[in-house]
Amino acid sequence: MRVILYIFLLFFLNRVVIAQDESVFNRINGIKFENNIYLKWDSNKNGNKGALRYSIENPYEWHDLDEDLIFNVRNQHRNNFKIYTEFYNPLKFSIKSTSKDLDDPAYQAISEFISNLPASTAVVASSLQPNFAPTTFITKDGTNLTEIKKTILLNEWVYEFIKALDIDSVSKYSGGYNVLAEKINLITQADDYFFNDFIANNIPELINNQYTYTGWIKKRSEVLFNVDNNYTTFRQELGISTKVNENLKSKQENAIKSIDKLIQLLSTEFDSEISKFIVPSRKEAFKKYSSSTAFLLSNNKKTMLEESNIALKGYTELLDKLTAHTNKFTKEICDMQGKNCNNYHEDYDLKLDWKSQKMKEFNYKVTALDISGSEVENSNYNASFVVGKKHRLYPYISTGLLYTGFSYPNYSITTENGKNEVAIVGETKVNLRPAMFLNFLFTNWDNILPFMQLGVSTGVNDAIFPIGAGVSVGRSFSISGGTMFGYRKELDNLKLGGEVRDEAQLQSDLTNKPVFSWYFSVSYNLSKK
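In structure tokens form, the structure reads like this:
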């Protein structure tokens, strides 16, 4: 019966706990820190696939964020800590994180021991530029006339205007004609914005660059995409891109104003501004043609403005998102020498005070993006780590074998000279037994860790309780020893060698009394994790 009980206890305990649980030593030998954890995405690691790296306290010495890494925090401020992420280019990478609570095994060990006693926008797409043939213009020999410039939106109208001009009236009213020509030439602002390459005003860094408005959007988006994870450079390029956006909006506004003024000139102001320069015989027909041109120009304006607004809206939203992202990284932190400084975002500000019985698990996901904002195939990178309190005394449960001098005396009756006397006929020894222990490790030591322990095992028909101390040698095994406490039946009123009436009297006199002995125990690693 006792053999069956031993086998059952050993089987039961080893399903609940591991004799020398490696996770315990992973926990107490975790990365110790007081205040801050810094993270950064290093694109050059892992065969240029990138990897998330960490540094503690000051971001100057970086390490790989290994799988199942544990950080242990301890300070005088209720164990508060912060996690920072170094600036990264959001057009090239997406970094997201989540956190959740985990039960701290240190707090679970005691209750588990008790419960188991026998008895948890990217790049905005650019549109194609149409090609237009050059337009004609008019001059007048002997008269200082303003040249009517080449135009795309008014190419045909200018051609018909030149054919319909009354040269004598132009010469007679040359001053008025020059004013009219200047008004017509305003349409080139619309040409320049909607169809031609142009320079962004008042941006010295881009003085030699010319693009269409969609070309500017595409070019600046590409420049921002190609910036490395450098806060200063990215912010500079973002500032330039914002100035370009302001230029585009201003040029669009001027372009629309120039179209509106020309529509007004060709329609309601035709009689007062244009009519006197037209050959009388063609005046009425050209007025109708100008009115039709104004109508077509109005419709074209709506289409062009809609396309431009879509492009500018997308570009503005992109810059707003990038500005919001950059503004999250305004905290500049330097290394201990104050030479290398980078900008960081505070991801978390948490604490694990004395009341908390939890740990925090953090999961980070990094995804590479292409220039269109789509995820790069097979680029997902995941990393997780745990932050727990650093315990000076770390409780955990284990199983092992103990050897003890605890024994049970076998009382019997012997007859001498016709009298029944109390005698001991041998002992039932406990010897070798499986046991479950609740250990309290002193964590401020390295490699060889002292601990206190109390445990439970089986005697003959009841439980016995070892109480002692020992040392754990690395993660492989531990040895301990101390006092064994238990109960066994002892004589109460009767005396050894004294007279006893019969077996019934002997058995009724035996009473459970506390007894102390010694034990020696070895715990070992049953499995490698």
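Position 164 of the sequence shown, counted from 1, bears residue number 167 in the numbering used here, the numbering being contiguous throughout.
Cβ coordinates follow ideal geometry from the N, Cα and C atoms, glycine included.
Computed from a predicted model, the values in this text were never measured in an experiment.
- Message: Looking only at its chain, what residues have a beta carbon closer than 6 Å to the beta carbon of Ser293, apart from the 5 residues adjacent to it on each side?
- Response: Here residue 293 corresponds to residue number 290 of the sequence shown, with the count starting at 1. Cβ neighbours of Ser293 beyond the five flanking positions: Leu269 and Phe273.
- Buried or exposed: which applies to Tyr522, given that a residue is buried once 16 or more other Cβ atoms fall within 10 Å of its Cβ? Along the sequence shown, read from residue 1 onward, the residue named residue 522 stands at position 519. Buried, because 16 or more other Cβ atoms sit within 10 Å of the Cβ of Tyr522.
- Message: I'd like to confirm something about Pro437: is its beta-carbon nearer than 7 Å to some heavy atom of the ligand ADP, or not?
- Response: The ligand ADP is not part of this structure, which contains no ligands at all.
- Is there contact here, the segment 497 to 514 with the segment 418 to 430, by at least three beta-carbon pairs under 8 Å? yes
- Query: Curious, which full-length beta strand (DSSP E) runs of at least 3 residues does the segment 307 to 344 contain?
  - Reply: 334 to 337
- Can you check whether the CB of Tyr347 is closer than 8 Å to the CB of Leu55? Residue mapping note: residue 55 aligns to position 52 of the sequence shown, counting from 1. Residue mapping note: residue 347 aligns to position 344 of the sequence shown, counting from 1. It is not a contact, given that the beta carbons lie outside the stated cut-off.
- Item | Status (buried if at least 16 other CB within 10 Å, exposed otherwise) for Gly391 | Residue numbering aside, residue 391 sits at position 388 when the sequence shown is read from its first letter. Gly391 should be labelled buried.
- Message: So if DSSP puts Ile266 in a beta bridge, which residue, or which two residues, is it bridged to?
- Response: Indexing the sequence shown from 1 puts residue 266 at position 263. According to DSSP, which records beta bridges pairwise, Ile266 is partnered with nothing at all.
- Task: Check Ala193 in the structure and name its three-state DSSP category.
- Result: On the sequence shown, residue 193 is found 190 positions in, with the first residue counted as 1. DSSP places Ala193 in helix when its eight states are reduced to three.
- Query: In or out: Gly178 buried (at least 16 other Cβ within 10 Å) or exposed?
  - Reply: Stepping through the sequence shown from its first residue, residue 178 is reached at position 175. Per the 10 Å Cβ criterion, exposed.
- Item | Cβ-Cβ distance between Leu227 and Leu315 below 8 Å | Your numbering for residue 227 matches position 224 in the sequence shown. Your numbering for residue 315 matches position 312 in the sequence shown. Result no, Cβ atoms of Leu227 and Leu315 do not sit closer than 8 Å.
- Query: Can you round the beta-carbon distance between Ile206 and Lys246 to whole angstroms, since I take them to be within the 8 Å contact cut?
  - Reply: Indexing the sequence shown from 1 puts residue 206 at position 203. Indexing the sequence shown from 1 puts residue 246 at position 243. Ile206 to Lys246, Cβ: 5 Å. Contact.
- Message: By alpha-carbon positions, which one of Asp352, Ile262 and Asn248 ends up nearest to Lys222?
- Response: The sequence position of residue 222 within the sequence shown is 219, counting from 1. The candidate whose alpha carbon is nearest that of Lys222 is Asn248.
- Continuous beta strand (DSSP E) assignments of at least 3 residues falling wholly in the segment 69 to 125: 72 to 76, 83 to 89 and 96 to 106
- Pick out the complete alpha helix (DSSP H) segments inside the segment 378 to 405, 4 residues or longer, and give them in chain order. none
- Message: Judging by CA-CA distance, which residue of Lys264, Lys363, Thr370 and Asn515 is the nearest neighbour of Leu72?
- Response: Locating residue 72 in the sequence shown gives position 69, counting from the first residue. Nearest C-alpha to Leu72: Lys363.
- Grouping DSSP H, G and I as helix and E and B as strand, with all else coil, what is Ser460? Start at 1 with the first residue of the sequence shown, and residue 460 comes out as number 457. Residue state, collapsed to three classes: strand.
- Starting from the Cα of Gly376, find the closest Cα among Asn229, Lys290 and Arg238 and give me that residue. Along the sequence shown, read from residue 1 onward, the residue named residue 376 stands at position 373. Taking only the C-alpha atoms, the option nearest Gly376 is Asn229.
- Message: Assuming contact is defined by CB atoms lying nearer than 8 Å, are Met455 and Ala472 in contact in what I supplied?
- Response: Translated into positions along the sequence shown, residue 455 becomes position 452. Translated into positions along the sequence shown, residue 472 becomes position 469. Result yes, Cβ atoms of Met455 and Ala472 sit closer than 8 Å.
- Query: In whole angstroms, what is the alpha-carbon distance linking Val126 and Asn78?
  - Reply: The sequence position of residue 126 within the sequence shown is 123, counting from 1. The sequence position of residue 78 within the sequence shown is 75, counting from 1. Residue placement at Val126 cannot be trusted, given a pLDDT of 36 that sits under 50; what the coordinates show is reported in the next sentence. Cα to Cα, Val126 sits roughly 46 Å from Asn78.
- Item | beta strand (DSSP E) segments (min. 3 residues) lying fully within the segment 233 to 291 | none
- Simplified DSSP assignment, three categories, for Trp521: Walking along the sequence shown from the start, residue 521 turns up at place 518. Strand.
- Using beta-carbon positions only, say whether Thr319 and His394 come within less than 8 Å of one another. Counting from one through the sequence shown, the residue named residue 319 turns up at place 316. Counting from one through the sequence shown, the residue named residue 394 turns up at place 391. No, the pair does not count as a contact, with Cβ atoms beyond the cut-off.
- Message: Taking the straight line between their C-alpha atoms, what separation do you get for Lys290 and Ser301?
- Response: On the sequence shown, residue 290 is found 287 positions in, with the first residue counted as 1. On the sequence shown, residue 301 is found 298 positions in, with the first residue counted as 1. When rounded, the distance between both Cα atoms is 17 Å.
- Query: Between Ala193 and the rest of its own chain, which residues show a CB-CB distance below 7 Å, the 5 nearest in sequence each way excluded?
  - Reply: Your numbering for residue 193 matches position 190 in the sequence shown. For Ala193, where only same-chain residues beyond five positions count, the Cβ hits under 7 Å are Leu156, Ala258, Ser261 and Ile262.
- Identify whether Thr142 lies in helix, strand or coil by the three-state DSSP scheme. Indexing the sequence shown from 1 puts residue 142 at position 139. Because the pLDDT at Thr142 is just 44, under 50, the model does not fix this residue reliably, and the value given afterwards should be weighed accordingly. Of the three classes helix, strand and coil, the one that applies to Thr142 here is coil, per DSSP.
- Short check: CB of Phe409 to CB of Gly489, under 8 Å? Counted from its first residue, the sequence shown places residue 409 at position 406. Counted from its first residue, the sequence shown places residue 489 at position 486. Yes, the Cβ-Cβ distance between Phe409 and Gly489 is below 8 Å.
- Report the rounded CA-to-CA distance for Phe237 versus Asn92, giving the unit in angstroms. Numbered from 1 along the sequence shown, position 234 holds the residue referred to as residue 237. Numbered from 1 along the sequence shown, position 89 holds the residue referred to as residue 92. Phe237 and Asn92: Cα-Cα distance of roughly 8 Å.
- Query: Whose C-alpha, out of Leu68, Ile277, Asn303 and Thr217, is nearest the C-alpha of Ala167?
  - Reply: As a position in the sequence shown, residue 167 is number 164, starting the count at 1. Of the candidates Leu68, Ile277, Asn303 and Thr217, the one whose C-alpha sits nearest the C-alpha of Ala167 is Ile277.
- Tell me, which residues are paired with Leu227 by DSSP? On the sequence shown, residue 227 is found 224 positions in, with the first residue counted as 1. Its beta-bridge partners do not exist; DSSP assigns none.
- Query: Would Pro108 be called buried (16 or more neighbouring beta carbons within 10 Å of its own) or exposed?
  - Reply: The residue labelled residue 108 in the question sits at position 105 within the sequence shown. By the neighbour-count rule (16 or more Cβ atoms within 10 Å), Pro108 is buried.
- For Glu37, collect the residues of the same chain with a Cβ closer than 6 Å to its Cβ; drop the 5 residues on either side in sequence, then sort them by chain order. Here residue 37 refers to the residue found at position 34 when the sequence shown is read from its first residue. Excluding residues within five positions, the ones whose Cβ falls inside 6 Å are Asn78.
- Answer yes if the segment 349 to 358 comes into contact with the segment 81 to 88, meaning at least three C-beta pairs across the two stretches below 8 Å, and no otherwise. yes
- What does DSSP give as the partner residues of Asn442 in its beta bridges? What you label residue 442 is simply residue 439 of the sequence shown in a count that begins at 1. Paired residues: Tyr399 and Gln456.
- Closest Cα partner of Tyr41 within the set Lys52, Ser58 and Ile98: Taking the first residue of the sequence shown as position 1, residue 41 is located at position 38. Closest by alpha carbon: Ser58.
- Determine which residues share a DSSP beta bridge with Thr418 and list them. The residue given as residue 418 occupies position 415 in the sequence shown. According to DSSP, residue pairing for Thr418 in a beta bridge involves Asn423.
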